[in-house]
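In what follows, a single structure is set out as structure tokens and then discussed.
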Amino acid sequence: MSIIDIRDLAQLHIAAAFNEQASGRYFGVQQSYSWKEILTEFQTILSSSSSSNSSSNSNDNDEYNGYDYQLPPLNPNEDYENKIPTQFDHTRKDSLGVTLRPLHDTLKDLIDFFISKGAL
Numbered sequence: 001m002s003i004i005d006i007r008d009l010a011q012l013h014i015a016a017a018f019n020e021q022a023s024g025r026y027f028g029v030q031q032s033y034s035w036k037e038i039l040t041e042f043q044t045i046l047s048s049s050s051s052s053n054s055s056s057n058s059n060d061n062d063e064y065n066g067y068d069y070q071l072p073p074l075n076p077n078e079d080y081e082n083k084i085p086t087q088f089d090h091t092r093k094d095s096l097g098v099t100l101r102p103l104h105d106t107l108k109d110l111i112d113f114f115i116s117k118g119a120l
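The sequence shown begins at 1 in UniProt numbering and counts up one residue at a time.
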């Protein structure tokens with residue numbers, strides 16, 4: 001799954017618009033993530049700070065006050081560990097000088113947004 005923070009994508013569009021050498025297609029992604037990586041990151045962000053699985057990002061956990069997120073059941077016949085993610089050549093994107101947010105920050109901000117709207 002290819003994920004990009006919409007704020008980063010907007011910055012890429014602006015950078016390309018103001019770059020006279022920019023033309024053609026640019027991959028607006030950081031990397032492809034497996035569903036297991038994405039779901040595990042959600043779990044890391046939302047798990048309680050008192051949990052034995054507490055991540056190094058324990059300051060993130062406090063604000064969710066023990067939200068009990070469990071990974072949904074994954075297909076036991078699927079090899080999630082050894083799938084080769086989609087590969088991208090980031091040369092053109094990198095030439096625009098925009099630094100993309102890591103997956104953790106993008107998902108944390110997404111969760112915060114949903115909470116602020118009462119959707120979580």
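We treat Cβ as the ideally placed atom computed from N, Cα and C, and that holds for glycine. The model shown is predicted, which means the values in this text are computed figures rather than measured ones.
Cβ-based burial, residue i [other Cβ within 10 Å; buried from 16]
i, result
"Q30", "buried"
"A116", "Going by the sequence as given, residue 116 is Ser instead of Ala. Result: exposed."
"G28", "buried"
"A17", "exposed"
"L74", "exposed"
Straight-line Cα distance separating residue j from residue i
i, j, result
"T40", "F88", "23 Å"
"S55", "H104", "Model confidence at S55 stands at a pLDDT of 42, short of 50, so the residue's coordinates are unreliable; what they give is reported in the following sentence. Each residue's Cα considered, the two are about 12 Å apart."
"W35", "P85", "11 Å"
"S23", "G118", "41 Å"
Residue i, enclosing alpha helix (DSSP H) - first and last residue
i, result
"T91", "T91 to D94"
"I111", "L103 to S116"
"E81", "From DSSP, E81 is part of no alpha helix (DSSP H); its letter is neither H nor E."
"T44", "W35 to L46"
Q | Any 3 or more C-beta pairs closer than 8 Å across the segment 1-16 and the segment 105-117 | A | Taking 8 Å as the limit for Cβ pairs, the verdict is that the segment 105-117 does touch the segment 1-16.
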